[in-house]
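As structure tokens, the structure follows; a few thoughts come after it.
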Amino acid sequence: MGRARLYFQYFKAKFLKRRVTPPVDYEEIVSEFWRADFSSTEHARWHAEIGDGYETARGAHGLTLHLRRKFLYAWSANPVFRYKDCVLTARIRFLPSTHPPGEAHALPNSEQPEVSASLDSTSQSACPPEAVAVDPSAMGEAVPERAGTCAAGLLFRYLNESTFYALLVSDGGWLRLDAVVNNTPLPLLGWTDTGASDEVRVLSLIAVGTSFTLCVDDQWIAQIEDDTIQAAGKVCFAAQNWGVHAHRSFELSAFSLESQPFMVETACLRANEPARIPASAHLRLAESLYAMGRAACARAEMKKLKAKCTFGLREYLLAGDIACAQHLYDEAEEAFNAALVQDPHCMRALLALGGALYQQNAYEKLAHLLATHRFVAERDAFLSNLCGHLALAQNRHEDAAAAYQRAFRLDPHQGLFALHAAQELSLLGEKGQAIQAYLHAARLFLAQESYADLERVVLALRRLDPERTEVRSIAGKLYYATGRHRQAHTQFDALCRAGSADATVWYLYGLLLREAQGTHEHDAPAAAACEQRARDAFQRACALAPDCALYHFKYAESLFLSEKDCDESLARALALDPDNGWLHNLCAQKALREQNFDAAAQSLQRARALLPHELVVLENYIELQRQRGALACCVPLFEVETQRADAAVIAQRGQAFHLLANAFYADGCYEHAAPWYDKALREEPQNVQMLVHKAENSIKLHLLHEADALLVKALNIQPTAHVYTLIALVAAQLGDFPRAELTLQEACTLWPQCTEVRIELIHLYLTMQDRQQAATQWNILVQKEDSDRVRALHALIFEEKPPAPQE
Numbered sequence: 001m002g003r004a005r006l007y008f009q010y011f012k013a014k015f016l017k018r019r020v021t022p023p024v025d026y027e028e029i030v031s032e033f034w035r036a037d038f039s040s041t042e043h044a045r046w047h048a049e050i051g052d053g054y055e056t057a058r059g060a061h062g063l064t065l066h067l068r069r070k071f072l073y074a075w076s077a078n079p080v081f082r083y084k085d086c087v088l089t090a091r092i093r094f095l096p097s098t099h100p101p102g103e104a105h106a107l108p109n110s111e112q113p114e115v116s117a118s119l120d121s122t123s124q125s126a127c128p129p130e131a132v133a134v135d136p137s138a139m140g141e142a143v144p145e146r147a148g149t150c151a152a153g154l155l156f157r158y159l160n161e162s163t164f165y166a167l168l169v170s171d172g173g174w175l176r177l178d179a180v181v182n183n184t185p186l187p188l189l190g191w192t193d194t195g196a197s198d199e200v201r202v203l204s205l206i207a208v209g210t211s212f213t214l215c216v217d218d219q220w221i222a223q224i225e226d227d228t229i230q231a232a233g234k235v236c237f238a239a240q241n242w243g244v245h246a247h248r249s250f251e252l253s254a255f256s257l258e259s260q261p262f263m264v265e266t267a268c269l270r271a272n273e274p275a276r277i278p279a280s281a282h283l284r285l286a287e288s289l290y291a292m293g294r295a296a297c298a299r300a301e302m303k304k305l306k307a308k309c310t311f312g313l314r315e316y317l318l319a320g321d322i323a324c325a326q327h328l329y330d331e332a333e334e335a336f337n338a339a340l341v342q343d344p345h346c347m348r349a350l351l352a353l354g355g356a357l358y359q360q361n362a363y364e365k366l367a368h369l370l371a372t373h374r375f376v377a378e379r380d381a382f383l384s385n386l387c388g389h390l391a392l393a394q395n396r397h398e399d400a401a402a403a404y405q406r407a408f409r410l411d412p413h414q415g416l417f418a419l420h421a422a423q424e425l426s427l428l429g430e431k432g433q434a435i436q437a438y439l440h441a442a443r444l445f446l447a448q449e450s451y452a453d454l455e456r457v458v459l460a461l462r463r464l465d466p467e468r469t470e471v472r473s474i475a476g477k478l479y480y481a482t483g484r485h486r487q488a489h490t491q492f493d494a495l496c497r498a499g500s501a502d503a504t505v506w507y508l509y510g511l512l513l514r515e516a517q518g519t520h521e522h523d524a525p526a527a528a529a530c531e532q533r534a535r536d537a538f539q540r541a542c543a544l545a546p547d548c549a550l551y552h553f554k555y556a557e558s559l560f561l562s563e564k565d566c567d568e569s570l571a572r573a574l575a576l577d578p579d580n581g582w583l584h585n586l587c588a589q590k591a592l593r594e595q596n597f598d599a600a601a602q603s604l605q606r607a608r609a610l611l612p613h614e615l616v617v618l619e620n621y622i623e624l625q626r627q628r629g630a631l632a633c634c635v636p637l638f639e640v641e642t643q644r645a646d647a648a649v650i651a652q653r654g655q656a657f658h659l660l661a662n663a664f665y666a667d668g669c670y671e672h673a674a675p676w677y678d679k680a681l682r683e684e685p686q687n688v689q690m691l692v693h694k695a696e697n698s699i700k701l702h703l704l705h706e707a708d709a710l711l712v713k714a715l716n717i718q719p720t721a722h723v724y725t726l727i728a729l730v731a732a733q734l735g736d737f738p739r740a741e742l743t744l745q746e747a748c749t750l751w752p753q754c755t756e757v758r759i760e761l762i763h764l765y766l767t768m769q770d771r772q773q774a775a776t777q778w779n780i781l782v783q784k785e786d787s788d789r790v791r792a793l794h795a796l797i798f799e800e801k802p803p804a805p806q807e
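With the numbering used here as the guide, the letters of the sequence shown map in order to residues 1 to 807.
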């Protein structure tokens with residue numbers, strides 16, 4: 001009986017195979033209808049998680065995304081399946097902020113000043129792949145003030161953390177759509193007012209191929225065409241917190257997804273039926289598209305609008321603006337004339353019509369328009385400018401000059417009016433008046449940073465009166481602003497030698513001399529001369545403009561860098577601008593040099609409050625703690641995974657990690673410095689300075705092969721004399737003296753004026769007991785530098801008392 005049972009079990013197992021449930025492929029593209037049940041772990045699909053500045057939590061009411069700081073953009077991905085063509089419907093609730101606007105989150109603190117975390121980084125390495133924190137300012141144009149304080153929505157066709165579509169609706173009821181490729185946003189629909197006002201938004205998206213239909217609260221907003229991302233991807237719940245509230249929370253209280261092709265096509269056709277779309281939606285969409293510079297698409301929406309309703313003043317003005325943007329001036333003229341019929345006193349329509357007539361050279365119509373509205377034209381700057389254009393076209397140069405001058409009198413802040421007047425006055429032979437008009441235009445263009453127009457003015461002024469002091473001054477400022485520092489130096493040098501009374505000229509001249517000082521790295525006397533001349537220039541600027549805090553600050557800074565007394569100038573600058581963070585930072589540096597730690601701490605506290613995102617200020621704070629022996633207490637400021645990270649660290653992670661590593665290195669804590677150098681290089685792997693500093697730290701730890709690899713990488717990116725010297729040092733420590741010798745010889749060839757490299761080569765020859773080669777190099781060195789260290793080398797090489805210094 002037992003044997004029979006065994007046979008039975010054997011044949012049963014052989015012929016009746018068990019049903020094995022195949023594993024679910026979560027990367028599969030599926031056709032399904034799915035509605036999220038957030039009360040069930042199995043049917044919610046989204047998981048709870050905690051990341052850099054954000055947290056998601058699942059509950060009976062939905063999925064809640066908490067953003068813990070300002071300027072944060074984070075999302076949480078649904079890890080189940082991928083979708084391309086689909087209908088997404090999400091009910092999003094904007095939860096009330098628990099912190100008043102501007103209130104920072106209270107954090108535990110030690111003796112250091114308050115740590116702010118008000119900026120997020122564009123770096124994403126600290127986040128899990130399902131949710132990434134980035135800077136929302138990188139996601140397109142500036143947010144309009146009426147849009148609100150935050151936004152939430154969906155990411156779809158999400159391929160990875162740098163490639164996806166983003167659909168967001170703000171708490172003010174504004175909607176936008178972006179395609180993001182390689183972290184570069186491509187706005188498809190700029191912020192568009194939907195008219196929604198409740199704290200709950202029902203956001204709907206219908207994606208069919210390259211077509212995306214957007215709805216809010218069952219109201220059609222837009223249909224957008226785009227083929228940027230055509231692959232299937234995940235779906236994410238996303239949110240942005242802008243700069244008003246320290247905390248914001250968003251609830252995805254309902255979510256459904258339809259990806260069955262027939263149902264998706266049906267939904268798309270139903271949503272885009274012309275009869276279902278209100279005229280106001282076409283108008284709002286046309287305004288948004290026009291603001292984005294997509295005039296052709298905006299014109300198409302205006303045609304749909306015209307088929308549905310009668311145009312009013314607002315519609316005619318928009319239609320005219322769109323036509324002008326497409327250079328369809330006949331159509332624009334018709335629209336603006338219709339607007340004037342609606343409101344004969346509409347100045348905007350009158351001005352736009354005049355501009356359209358001028359653009360199509362319809363001078364007879366323009367003359368009739370200006371004659372009809374002569375009383376208005378004589379009192380409006382733009383119309384007076386058009387009068388000048390009309391007179392110029394009719395070769396009436398005196399009338400043109402008078403009209404342009406009248407336009408400039410009516411609007412003295414418009415440099416183009418002064419430029420037009422100057423050109424006409426120059427043609428009339430009124431040289432003196434023309435120069436004055438050109439100078440007016442130049443001052444305005446310089447203040448407005450309109451350098452292309454300023455270039456034209458400077459050329460005209462240099463033709464009319466090249467030796468005039470103000471002409472040279474403006475030319476020098478133009479050259480400085482546009483990066484032509486050599487030409488600017490020529491102008492400022494001549495002006496300062498002539499005793500210019502323009503404080504700005506002396507200030508900019510001082511900056512250029514400071515810049516020139518850096519080019520004399522291997523010529524100490526020339527560098528010292530530039531430093532002295534720069535200091536004198538800043539002093540002269542202070543004398544000419546004694547109430548300018550900036551000039552006093554730069555003068556104090558130059559004195560400080562020269563290790564001279566800067567108390568008086570620094571006090572004067574602080575009296576003029578007590579809320580300047582850079583002044584308090586300089587006070588802290590001065591106190592640190594004097595070992596006055598209490599004064600340094602007080603100044604740094606003020607500086608960090610005024611400049612919370614400046615890494616230089618944080619660097620001085622770290623140096624203060626290092627000199628106090630409390631460097632370890634600064635480490636929490638660099639822990640970006642926690643909310644205690646400093647705002648400057650969050651904004652510039654790589655550089656911040658680098659400065660902490662340098663602080664540990666300066667303190668002799670090479671083991672503690674190593675991981676921070678590694679973190680810095682993960683953020684900026686091609687940064688030569690970081691590679692070199694990491695290599696120097698590795699040398700201290702006797703990790704010579706690691707140091708050599710880092711230095712070779714730095715050499716391939718940007719060869720410098722210092723890198724060559726370090727490579728030779730590592731080679732010598734490894735016993736590879738031929739390589740060290742060849743490296744230093746090549747460096748001497750590349751930088752013949754760099755005495756440091758030649759001194760290292762002499763030391764290498766002395767180590768190799770090759771006094772003949774050392775003597776040869778010393779004979780070259782002594783022609784480039786006469787100093788105590790050179791004479792000391794002479795004693796080492798020739799084993800005799802060094803020669804006395806030359807008188």
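All residues carry an ideal CB built from backbone N, CA and C; glycine is no exception. Keep in mind the model is a prediction, meaning the values are calculated, not measured.
How long is the line joining the alpha carbons of residue i and residue j, rounded to whole angstroms?
{"i": "residue 729", "j": "residue 676", "result": "24 Å"}
{"i": "residue 546", "j": "residue 573", "result": "10 Å"}
{"i": "residue 97", "j": "residue 246", "result": "8 Å"}
{"i": "residue 702", "j": "residue 734", "result": "10 Å"}
{"i": "residue 185", "j": "residue 380", "result": "41 Å"}
{"i": "residue 615", "j": "residue 684", "result": "16 Å"}
{"i": "residue 309", "j": "residue 222", "result": "18 Å"}
{"i": "residue 109", "j": "residue 240", "result": "In this prediction, residue 109 has a pLDDT of 31, which is less than 50 and means its spatial position is unreliable; what the coordinates show is noted afterwards. Cα to Cα, the separation comes out at about 27 Å."}
{"i": "residue 140", "j": "residue 73", "result": "A caution first: residue 140 carries a pLDDT of 45, below 50, which makes its placement in the model too unreliable to give a value."}
{"i": "residue 189", "j": "residue 464", "result": "50 Å"}
{"i": "residue 790", "j": "residue 778", "result": "8 Å"}
{"i": "residue 765", "j": "residue 747", "result": "15 Å"}
Near residue i, what residues of its chain come up, given a Cβ to Cβ distance below 6 Å and the 5 sequence neighbours on each side ignored?
{"i": "residue 170", "result": "147, 148 and 151"}
{"i": "residue 329", "result": "356, 359 and 360"}
{"i": "residue 333", "result": "356"}
{"i": "residue 325", "result": "295"}
Of the residues the options, which one's Cα is nearest the Cα of residue i?
{"i": "residue 638", "options": "74, 189 and 653", "result": "653"}
{"i": "residue 647", "options": "63, 56, 70 and 563", "result": "70"}
{"i": "residue 715", "options": "703, 733, 748 and 689", "result": "689"}
{"i": "residue 411", "options": "748, 313 and 440", "result": "440"}
{"i": "residue 786", "options": "759, 770, 618 and 765", "result": "759"}
{"i": "residue 195", "options": "215, 187 and 211", "result": "215"}
{"i": "residue 27", "options": "539, 209, 445 and 232", "result": "232"}
{"i": "residue 741", "options": "752, 751 and 724", "result": "724"}
{"i": "residue 33", "options": "260, 155, 368 and 92", "result": "260"}
{"i": "residue 460", "options": "449, 442, 477 and 446", "result": "442"}
If you drop the 5 nearest sequence neighbours on each side, which residues of the same chain put their C-beta closer than 7 Å to that of residue i?
{"i": "residue 625", "result": "631, 633 and 634"}
{"i": "residue 531", "result": "517 and 562"}
{"i": "residue 739", "result": "731"}
Using the Cβ count rule (16 or more neighbours within 10 Å means buried), how would you classify residue i?
{"i": "residue 743", "result": "buried"}
{"i": "residue 564", "result": "exposed"}
{"i": "residue 767", "result": "exposed"}
{"i": "residue 388", "result": "buried"}
{"i": "residue 114", "result": "For residue 114, the predicted structure reports a pLDDT of 27, less than 50, and the residue's modelled location is therefore unreliable. A value from the coordinates is still provided. With fewer than 16 Cβ atoms within 10 Å of its Cβ, residue 114 is classed as exposed."}
{"i": "residue 788", "result": "exposed"}
{"i": "residue 519", "result": "exposed"}
With a threshold of 8 Å on Cβ separation, who are the neighbours of residue i within its own chain once the five nearest residues in sequence on each side are excluded?
{"i": "residue 44", "result": "36, 37, 38, 58 and 63"}
{"i": "residue 316", "result": "335, 336, 338, 339, 342 and 349"}
Q: Entirely within the stretch 579 to 655 and at least 4 residues each: give me those alpha helix (DSSP H) ranges in chain order.
A: List check, alpha helix (DSSP H) in window: 581 to 593, 597 to 610, 615 to 628 and 647 to 651.
Q.
To test your reading of the DSSP string, which unbroken alpha helix (DSSP H) runs of 4 or more residues are found completely within the stretch 425 to 476?
A. 431 to 447 and 451 to 464
Q. Which ranges does the beta strand (DSSP E) cover as unbroken runs of at least 3 residues, wholly within the stretch 163 to 221, from first to last along the chain?
A. 163 to 170, 174 to 181, 184 to 193, 200 to 208 and 211 to 216
(Q) Quick check for students: name the residue ranges of the alpha helix (DSSP H) that lie wholly in the stretch 297 to 342, counting only runs of 4 or more. (A) 313 to 325 and 329 to 342
Q.
What ranges does the alpha helix (DSSP H) occupy inside the stretch 29 to 65, keeping only unbroken runs of at least 4 residues that lie completely in it?
A. 41 to 44
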